[in-house]
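Numbering (full-length UniProt numbering), first residue to last: 1 to 256.
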């Protein structure tokens with residue numbers, strides 16, 4: 001299946017992508033998660049994985065710059081966990097290089113498999129031992145989270161698990177996450193440009209996509225008090241199941 005099958009007109013594609021990103025923002029505003037997990041596969045299917053990796057780098061980077069600006073830099077946390085952040089940055093570059101140089105069907109299989117593992121970990125209440133108790137755990141969390149962010153812009157679950165295991169305030173938690181995402185997404189720009197997946201048009205489209213995404217987040221923030229959290233989380237998980245299945249169905253025939 002072609003990434004833009006059934007949606008050949010650029011205007012229709014843009015409308016479909018904008019509405020989809022509004023929905024992704026709505027999920028983020030209500031549930032507090034799912035931005036990368038939902039946005040990357042949707043834009044990959046509408047356009048292509050290469051374009052999604054470039055365009056959404058701009059969109060999600062701008063979102064996290066705003067987070068850091070509003071929450072402030074938790075300098076103590078960042079200084080204490082600088083090894084974790086450094087390895088995350090390096091791994092992010094390796095992740096984006098790996099995904100941009102691989103065939104599309106491999107990206108579909110990889111992303112579908114990652115979403116499946118994420119859903120499994122949520123439902124069996126399994127949390128990987130990647131807390132900061134030992135230095136090697138900090139480096140492991142940074143490496144895994146950075147690589148997944150570089151490859152799929154979806155390393156949030158790993159970084160959230162790591163920073164939740166640290167005794168820090170909510171403001172420090174939000175600021176640390178925002179800073180790590182800002183760095184790991186920013187360093188992706190050079191390898192994306194080198195592989196032809198990033199340029200002026202991707203930057204403009206990424207900035208434009210920020211509008212529907214932000215509108216969705218703002219709407220979700222207002223709706224959150226009126227939406228049953230447990231039921232909505234289950235709805236999001238079912239949506240992710242459908243997304244993962246669709247990605248795997250597109251990728252697996254190429255290797256069977």
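Heads up, the beta-carbon is just placed ideally off N, CA and C, and yes, glycines get one too.
Taking the Cα positions, residue 184 is about 32 Å away from residue 227.
Annotation: the continuous alpha helix (DSSP H) that includes residue 70 extends over 49-71. Distance between residue 220 and residue 233, taken at the CA atoms: about 13 Å. Three or more Cβ pairs closer than 8 Å define a contact, and the region 53-65 falls short of that threshold against the region 230-245. Classified as exposed, residue 167 has fewer than 16 neighbouring CB atoms from the shown chains inside 10 Å of its CB. When the beta-carbon positions are compared, residue 43 and residue 56 come within less than 8 Å of each other.
Just so you know, the alpha carbons of residue 20 and residue 255 end up roughly 29 Å apart. Annotation: residue 74 to residue 171 spans about 8 Å, alpha carbon to alpha carbon. Looking at 14, 91, 109, the one whose alpha-carbon comes closest to that of residue 149 is 91.
The DSSP-derived three-state label of residue 195 is coil. Residue 138 and residue 177 have their C-alpha atoms roughly 14 Å apart. In the DSSP assignment, residue 9 falls outside any alpha helix (DSSP H), carrying neither H nor E. For residue 212, the uninterrupted alpha helix (DSSP H) segment begins and ends at 200-223. Straight through space, the alpha carbons of residue 76 and residue 16 are spaced by roughly 43 Å. DSSP places residue 153 in the coil class of the three-state scheme, outside both helix and strand. Here residue 217 is actually not in contact with residue 89; their C-beta atoms are around 26 Å apart, not less than 8 Å.
Within its own chain, the residues whose Cβ lies closer than 8 Å to the Cβ of residue 97, once the five positions on either side in sequence are excluded, are 150, 191, 195, listed in chain order. Taken through DSSP and simplified to helix, strand or coil, residue 82 comes out as helix. In the structure shown, the three-state DSSP call for residue 74 is coil. Each of 18, 58, 9, 46 was checked against the Cα of residue 202, and the nearest Cα belongs to 58.
When the beta-carbon positions are compared, residue 118 and residue 145 stay at least 8 Å from each other. Sequence-distant partners of residue 143 (beyond 5 residues in either direction) whose C-beta falls short of 6 Å from its own C-beta, in its chain, are 87, 91.
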